[in-house]
Every structure is written in C-alpha cells, then in structure tokens.
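Asker: Submitted below is the structure of interest, expressed as structure tokens.
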Amino acid sequence: MKIGFDAKRAYQNYTGLGNYSRDLLSNLFDYAPKNEYLLYTPRVTQNPALKFIKENEKVKVITPSTQLDKTFKSLWRSVNLEKTLEKDQIDIFHGLSNEIPRRGNDNNIKYVVTIHDLIFKRFPRNYKAIDRRIYNTKFKYACKNADRIIAISEQTKRDIVSFYEINPDKIDVIYQTCHKNFKKVYSEEIKQHIKEKFELPDQFILNVGTIETRKNLFGILQANLHMKNDLPIVVVGRKTKYFNFLKVQMQKLKINPERFIFLKNVSIEELPSIYQMASVFVYPSFFEGFGIPIIEALHSKVPVVTTKGYCFEEAAGPDSLFVDPNNPEEIAQAIDRILSDTDLAHKMKTNGKEYVKIFEPEVLTQQLLDVYSRL
88 MKIGFDAKRA
98 YQNYTGLGNY
108 SRDLLSNLFD
118 YAPKNEYLLY
128 TPRVTQNPAL
138 KFIKENEKVK
148 VITPSTQLDK
158 TFKSLWRSVN
168 LEKTLEKDQI
178 DIFHGLSNEI
188 PRRGNDNNIK
198 YVVTIHDLIF
208 KRFPRNYKAI
218 DRRIYNTKFK
228 YACKNADRII
238 AISEQTKRDI
248 VSFYEINPDK
258 IDVIYQTCHK
268 NFKKVYSEEI
278 KQHIKEKFEL
288 PDQFILNVGT
298 IETRKNLFGI
308 LQANLHMKND
318 LPIVVVGRKT
328 KYFNFLKVQM
338 QKLKINPERF
348 IFLKNVSIEE
358 LPSIYQMASV
368 FVYPSFFEGF
378 GIPIIEALHS
388 KVPVVTTKGY
398 CFEEAAGPDS
408 LFVDPNNPEE
418 IAQAIDRILS
428 DTDLAHKMKT
438 NGKEYVKIFE
448 PEVLTQQLLD
458 VYSRL
C-alpha cells in the first residue's frame, strides 16, 4: 500500500498530537515495512524526535511545491492537498489530527481520520469562540467525509456519534500507546541523577499534564488539606494562565508552597525516571479523550488514582482507584489508602502492568493495518 499522512503535528507539536503522530508512524515503519509512506507537512522542523523518519529510506516527506501553496500553507493543507495526493498516486490518506483535506469524488483515494476528542464541545468555555467554530467545521467535515474514523477511546466514539450523528459502524476504536521510553526500567544510578537534577524528595505523589482548568490540579490542592500523609506533590506540565489562579488559591488555603514542586524543562528521556520514582500517580481530570499519562504511569508500575467514568476506566483498568474529581476528600482518601496499604499498592502495580499490555504497539498497529486493508 501507498499511504499518505498529515504529518504537520509530527513535525510541529512536541506533546499531545505530535506524540500520537510520531508514535503511530514509528510503529508502522517497524511492523509494516513493506508499505510505502509519504508524509505531508507544511514545513520541516529540526525536531530530534523525528530521527526515525530520516533513517527510513522508504519514507518520503512532501512539502508545498508551488508558490501559491508555499505562501498559503494552511490553504495547501486544508484545500489543495488532494491534487498532490493524486499526483503521488496515494491509496490511503490518514489525517492524524482530527481533519482531512477537502476531497473530490473523482478519484480512488480512501480517507481515514483520527478523532482524539471533542472537548471543545463539552467544555466550550475553555475555548475562544473563533477556535470553536474552526474546530467544529474541520472535525465535522472530517467525520462526514472520511471513509473510516478512528476514535482513540470508546468515549470519543460516543461523542462523535452524539455530536455529529455519525453511524457508529463507521468508527473503529484504536487506543493510543505511549513513548517507548516509559517501557524501560531505568537504573538506580540514572534515577539518582534525575533526582539530584530536579531536587526531588525521596518519596512523592506525581501529577503530569498541562496545568489548565480541565486537568483539575485545583482538586489536588484541595485534597492536600484532607490527606493524612505529608508527601510532597510533584507536578510536571506546561503552565497556562490557570497557574496564576492556583497560586492565589494556595495562598488562600494556606498551603505550604514546599508541598507542591513544579518542574519545568523535563525531557522525554527524563520523565520516565520521575514516574518510576513516584509513590502514587494522581490524575483527577474532569475529561479527556483518552489520558496518555495514565498509560505512562501503568507502564512505570505506579499505582493510579483517577476519575470515575468517561475514558478513564478504559485507560486505567480495573485495578486503579477511581474518584469523583469534585470531591477532594475522596481524592485524599484514595491516595492515603495506597500509601498506607503496601499489599494494595503491590497489587495495583502488578495488575496495572499486566493490563497495559492491551496498549502494546504491535497490537494497536495491527488493528490500524486491518482498517487500511479493509479499505
């Protein structure tokens, strides 16, 4: 097969959609090397995480070629790209980040789109009105016009059906994996180095994710007041304006600022070691399309406390502890329970590591290849 991909996020995003794109492509190259892969991107960046693309001779990277497309890159990607796909004789085009280019009816190209979440529909107040309109137009068009839709969770599939009235038979649920670094066991020497670099305590509670309203770090601040343990809470994530709100709340709640440790500039090589040193991973997000940090924690053999319902139970499995994100006491009790019960913690680590096998790249890649083959 000759398969084309919207590779913009792979080149330009360093987290989230970028990680999804890079991991999916890398796994396809490894497990289906006989296919021919073409990556379409408005521009090429010097992202070190893309080294695997340069090393693969069967991969071709395509950027805008005409002066018009070079000048109006967004127009090329959203409207004019199909002309390039036809010229390159693509069999299948996969939009990896919620959209596909405008398509005609006079060619044999099959279109696949991955829809990650419809959070902007569920939490519209978190998005500017213009952004919501743009997202809705692109997502709706992709869902209506793609030949197959890949949802990254059953929750996302339900949302696609609900918001866009799409036939559920058109949607395949294929979960995400996480970066291969989280599957490595790091030596005590490496972990000690990371511990010293970031001045980490011997034991700590971990939270990973963008510091924004939806992730509910405020819930952890409030839970802190009810915890019986006094372990510090290490937070890894990009700060937004929400962080200023949290600083004010910490002062109002009279929380010792040393209880919360905010790390910055943590690389993908360093983050797995931090997971592996954590005592508990807490993730009381209000809503996610899937929740990759949960998978990272399970691979790292860290007990997980996360939100009841939605996609969280899909990601975390039956042996994690689930809480109401609006109930700080419940969050605190779950964390205290794990820290005070070594048998429970051991069971959660062991069973979580077993459960996370369903997200192994060879399993997910085969599911994706089955979608391509049926088309």
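Count along the sequence shown starting at 1, add 87, and that's the number in our numbering.
For glycine and all other residues, C-beta sits at the position ideal for the given N, C-alpha and C.
As the structure is a computational prediction, the values presented were derived from the model and not from experiment.
1. Name the two residues that bound the continuous alpha helix (DSSP H) containing T437.
2. With respect to the alpha helix (DSSP H) encompassing L155, which residues constitute its N-terminal and C-terminal limits?
3. State the DSSP-derived secondary structure class of Y124, mapped to helix, strand or coil.
4. Helix, strand or coil for I149, going by three-state DSSP, please let me know.
5. So who's on the other strand from G182, going by DSSP bridges?
6. Going by Cα to Cα distance, which pick from C398, P412, E356, A384 is closest to P371?
7. Taking 7 Å as the threshold (C-beta atoms), are V392 and I422 in contact?
8. Helix, strand or coil: which one does DSSP assign to T300?
9. Among all the DSSP beta bridges, which residues are the ones paired with G91?
10. Which residues bound the beta strand (DSSP E) around N195?
11. Which class does R130 belong to by DSSP, given the choice of helix, strand or coil?
12. Quick test of your reading: G396 and Y442, contact by CB under 8 Å. State the CB separation rounded to the nearest angstrom.
13. With DSSP as the reference, label L287 as helix, strand or coil.
14. Can you tell me the Cα-Cα spacing of P344 and K244, whole angstroms?
15. Sorted by chain position, which residues of the same chain lie with C-beta nearer than 6 Å to E186's C-beta, five sequence neighbours on each side aside?
16. Quick one: does I196 have its CB under 7 Å from some CB of chain D?
Answerer: Short version:
1. Locating residue 437 in the sequence shown gives position 350, where the first residue counts as 1. Counted as a single uninterrupted DSSP element, the alpha helix (DSSP H) harbouring T437 occupies residues 429-442.
2. Here residue 155 refers to the residue found at position 68 of the sequence shown. Note, L155: alpha helix (DSSP H), 154-158.
3. For the purposes of this step, residue 124 is taken as the residue at position 37 of the sequence shown. Of the three classes helix, strand and coil, the one that applies to Y124 here is strand, per DSSP.
4. For this step, residue 149 is matched to residue 62 along the sequence shown. Under the three-state reduction of DSSP output, I149 falls in the strand class.
5. Walking along the sequence shown from the start, residue 182 turns up at place 95. Per DSSP, V200.
6. Residue numbering aside, residue 371 sits at position 284 when the sequence shown is read from its first letter. Measuring from the Cα of P371, the nearest candidate turns out to be P412.
7. Position 335 of the sequence shown, counted from the start, is the residue given in the question as residue 422. Position 305 of the sequence shown, counted from the start, is the residue given in the question as residue 392. In this structure, V392 lies closer than 7 Å to I422 by Cβ.
8. As a position in the sequence shown, residue 300 is number 213, starting the count at 1. In the three-state scheme derived from DSSP, where H, G and I count as helix and E and B as strand, T300 is classed as helix.
9. Against the sequence shown, residue 91 aligns to sequence position 4. Looking at the DSSP assignment, G91 forms a beta bridge with L125, F180.
10. Here the question's residue 195 lines up with position 108 in the sequence shown. In the DSSP annotation of this structure, N195 is not part of any beta strand (DSSP E), being labelled neither H nor E.
11. Here residue 130 corresponds to residue number 43 of the sequence shown, with the count starting at 1. In the structure shown, R130 sits in coil (DSSP, three-state: anything other than H, G, I, E or B).
12. Walking along the sequence shown from the start, residue 396 turns up at place 309. Walking along the sequence shown from the start, residue 442 turns up at place 355. G396 to Y442, Cβ: 18 Å. No contact.
13. For the purposes of this step, residue 287 is taken as residue 200 along the sequence shown, with counting starting at 1. For L287, the three-state secondary structure derived from DSSP is coil.
14. Translated into the one-based positions of the sequence shown, residue 344 becomes position 257. Translated into the one-based positions of the sequence shown, residue 244 becomes position 157. Approximately 41 Å between the Cα atoms of the pair.
15. Here the question's residue 186 lines up with position 99 in the sequence shown. Around E186: K225, A229.
16. Reference to chain D is not applicable here, since this structure consists of a single protein chain.
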